[in-house]
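Structure first, then comments.
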Amino acid sequence: MLLAASALWVWMVAPAGLETEEEAQGTASTDFQGEGVLGTSYFLRVDAEGERAETLEKVALDEVERLRRVFDRYDPESELRRLRAGEAAEVSPELLRILDACRAWREATGGAFDPAVGRLDAIWRRAETEGRRPDAASLARAVRSIEEARWTIDDGRVTPTDVPLSLDGLAKGTILDAAVAAVRKAGAKNVVLEIGGDIRAIGAPIEVLIAHPDESADNGKPLGKILLADAAVATSGNQLRGYVIGGERVGHVLDPRTGDAVRDVRQASVVAPTAEVADALATSLMVLPPKRGMELVEARDGVECLLVDSAGRRHVTAGWPAVGGPAGAGGPKGEPWAAEKQVRVDFTFERPTRTGRRRRGAYRRPYVAVWVETLDGTPVRTLCLWIERERWLRDLRRWHRLHKDDRPLIDAVTRPTRNPGSYQLVWDGLADDGSRLPLGEYQIVVEAAREHGTYQIERGRLDTREAEGRVELDGNVEISACTLRFGAAR
């Protein structure tokens, strides 16, 4: 399947103070979330309810699947995979257009964007297994093969000189644009579609938070917030994926011109009129030196970017649509705890044991709330609230009882539910309103529920007056492991 090769977590927040025409007339929107779309998660918001909203979701997912069957380099039945080296073949208009777009991006970026870069991954995976970096001769041979790996297009017929081709650096954006266009054609006026961190939005503006490259915690402070309106945003970075070779971690974004891992840029976010352009540029800007990347963006109408280079410096185009001041501005109102102290919550979701044939998407993801409260049970800070739809919030019984009427807090902390995996949250000693809390004993509560599944709640106590502390919770059928730590911030 197509993979979200370099997308980072980019999430949406409530567009405070914004009211769409439909909301003014009393028509609410519906959110859908799920897994197994292009190998990752998806989020869809449409300005409809009930059966009408479900029909629009089907329109979006049908279009995604239609184009996946064209572009998917992992599916032997896809149109792309049916191409044979040296054999001319008539192809669909969609495949013909994206191949031509790949050629154009390669020329525009001087080879920084190249659909053949995927073949370098095999070399680095082998190096990871062997515990040593690839030698220069191997990388040189791979680069030459990339330079030679092309195709010809003649009167609508494509002749690959080598297979398989990879369209991952462009196809996800192409599919986002097509799916949103299909939903719009079906009658929706406001549509937001996010797949694997890339977002395409039309209609009413939304606020989007951009991940910080130094933050590993799921609720860590973002790099900044933008207002997205009739546009797309894509983010690429190296901190979430890569290769571990001899104890050293190497980022997964590779330079097709040298075969080596990129070094100049740590993260690139791009806002563009289409997701296809944002996708291609976010990938390219990770490879190009910051100065060259900024020049490439500034030469294009309607495109803006935010880069973080290897030294942590930010490079921002003049029209970057930041909300609340420069990128990364804002943050909590209180002061951090002394000596950079923080509480970390590390936990792992349990995946239920299956019997028989495994069907994609059959697993219902858990809804989770994690919060801090005083020893008398007074809640002071919500660290996460992961639900698919708000009507299921009541399944998280205690959090719902505490906060069901707190609309601003629900909007501020709600995120999509998570598939089984390991996650980290942090608490910096601040309350939900941004005020500073005193050092003392606090209780961390982890609540989890699953549709047609179980309900679980765990609690652990930490004393933040101590130099450090650690508590291991027992775990249950939903959360197999949970560790609470207090100490110096990492």
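Numbering-wise, the sequence shown is residues 888 to 1377 according to our numbering.
Here a beta-carbon is modelled for each residue, glycine too, at the ideal position from N, C-alpha and C.
*Would you mind reading off the limits of the alpha helix (DSSP H) that contains W1286?*
Residues 1284–1290.
_Between the alpha carbons of I1010 and Y1130, how many angstroms are there, rounded?_
So the alpha carbons of these two residues sit roughly 11 Å apart.
*Residue span of the beta strand (DSSP E) that contains F1000, given as start and end*: Where F1000 is concerned, there is no enclosing beta strand (DSSP E), because DSSP gives it neither an H nor an E.
*For P1325, count neighbouring Cβ atoms within 10 angstroms of its own Cβ and tell me buried if that reaches 16, exposed if not.*
Exposed, by the Cβ-count rule.
*Give every residue of the same chain whose Cβ lies closer than 8 Å to the Cβ of E1353, excluding the five residues on either side of it in the sequence, and list them in chain order.*
Closer than 8 Å at Cβ, skipping near neighbours: F1373.
_Contact check, T1235 vs I1366, beta carbons under 8 Å_ = Going by beta carbons, T1235 and I1366 fall inside the 8 Å limit.
_Let's test the definition: count the other Cβ atoms within 10 Å of the Cβ of P1177 and tell me whether it reaches 16, buried, or not, exposed._
Burial of P1177 is indicated by the presence of at least 16 other C-beta atoms within 10 angstroms of its C-beta.
*Using the beta-carbon count (16 or more within 10 Å), is A903 buried or exposed?*
At A903 the pLDDT is 34, less than 50, meaning the model places this residue with poor confidence and gives no usable figure here.
_First through last residue of the beta strand (DSSP E) which encompasses I1097_ = Start and end: 1093–1097.
*With a CB to CB cut of under 7 Å and the five nearest residues on each side skipped, what residues in its chain are close to P1295?*
Cβ within range, chain order: n/a, list empty.
_Counted within 10 angstroms of its Cβ, other Cβ atoms place G1218 as buried (16 or more) or exposed_ = Because the pLDDT of G1218 is 39, which lies under 50, any placement of that residue in the model is unreliable, and the number read from its coordinates should be weighed accordingly. The residue is exposed, with fewer than 16 neighbouring Cβ atoms inside 10 Å.
_If the criterion is Cβ atoms closer than 8 Å, does the pair V1095 and I1113 meet it?_
At a Cβ-Cβ threshold of 8 Å, V1095 and I1113 count as neighbours.
*Helix, strand or coil: which one does DSSP assign to D959?*
In this structure, D959 counts as coil in the three-state DSSP scheme.
*Tell me where the alpha helix (DSSP H) around R1179 begins and ends.*
Where R1179 is concerned, the enclosing alpha helix (DSSP H) starts and stops at 1177–1185.
*Return the residue from the list L967, A991, V1210 that minimises the CA-CA distance to G1111.*
Selected option, being the one with the closest Cα: V1210.
*P1160 and L1007: beta carbons closer than 8 Å?*
At the C-beta level, P1160 and L1007 stay beyond 8 Å of one another.
*asked:* Using the Cβ count rule (16 or more neighbours within 10 Å means buried), how would you classify E938?
replied: With fewer than 16 other Cβ atoms within 10 Å, it is exposed.
*Under a three-way DSSP split, which group does E1345 fall into?*
Three-state DSSP puts E1345 in a strand.
*Ignoring anything shorter than 4 residues or poking outside the stretch 1060–1112, list the alpha helix (DSSP H) runs there in chain order.*
Listed in chain order, there is nothing to give.
*Hey, out of S916, A935, E950, whose CA is closest to V924's CA?*
That would be E950, whose Cα lies nearest to the Cα of V924.
_Quick check: V1158 and A1098, are their CB atoms within less than 8 Å of each other?_
No, Cβ-Cβ distance for V1158 and A1098 is not below 8 Å.
*Extent of the continuous alpha helix (DSSP H) run through T1016*: Run containing T1016: 1006–1017, per the alpha helix (DSSP H) assignment.
*Nearest to A1121 by CA position, among P1021, D1196, M1173, is which residue?*
With distances taken between Cα atoms, A1121 lies closest to M1173.
*Which same chain residues, not among the five before or five after E908, have their C-beta less than 6 Å away from its C-beta?*
Caution applies to E908, whose pLDDT of 42 falls short of 50 and renders its modelled position unreliable; the model cannot decide the point.
*For the putative contact between V1070 and V933, defined by C-beta atoms under 8 Å, what is the C-beta separation to the nearest angstrom?*
At roughly 6 Å, the Cβ-Cβ gap stays under 8 Å, so V1070 and V933 are in contact.
*Helix, strand or coil: how does DSSP classify E922 here?*
Residue state, collapsed to three classes: strand.
*With a cut-off of 8 Å, do at least 3 Cβ pairs link the stretch 970–990 to the stretch 1022–1041?*
Touching, yes, given that three or more Cβ pairs across the two stretches are closer than 8 Å.
*What are the start and end residues of the alpha helix (DSSP H) that includes L1371?*
Looking at the DSSP string, L1371 is not in any alpha helix (DSSP H); the run it does join, the beta strand (DSSP E), is 1366–1375.
*asked:* Please classify P963 as buried or exposed, where buried requires at least 16 other C-beta atoms within 10 Å of its C-beta.
replied: P963 is exposed by the Cβ-count criterion.
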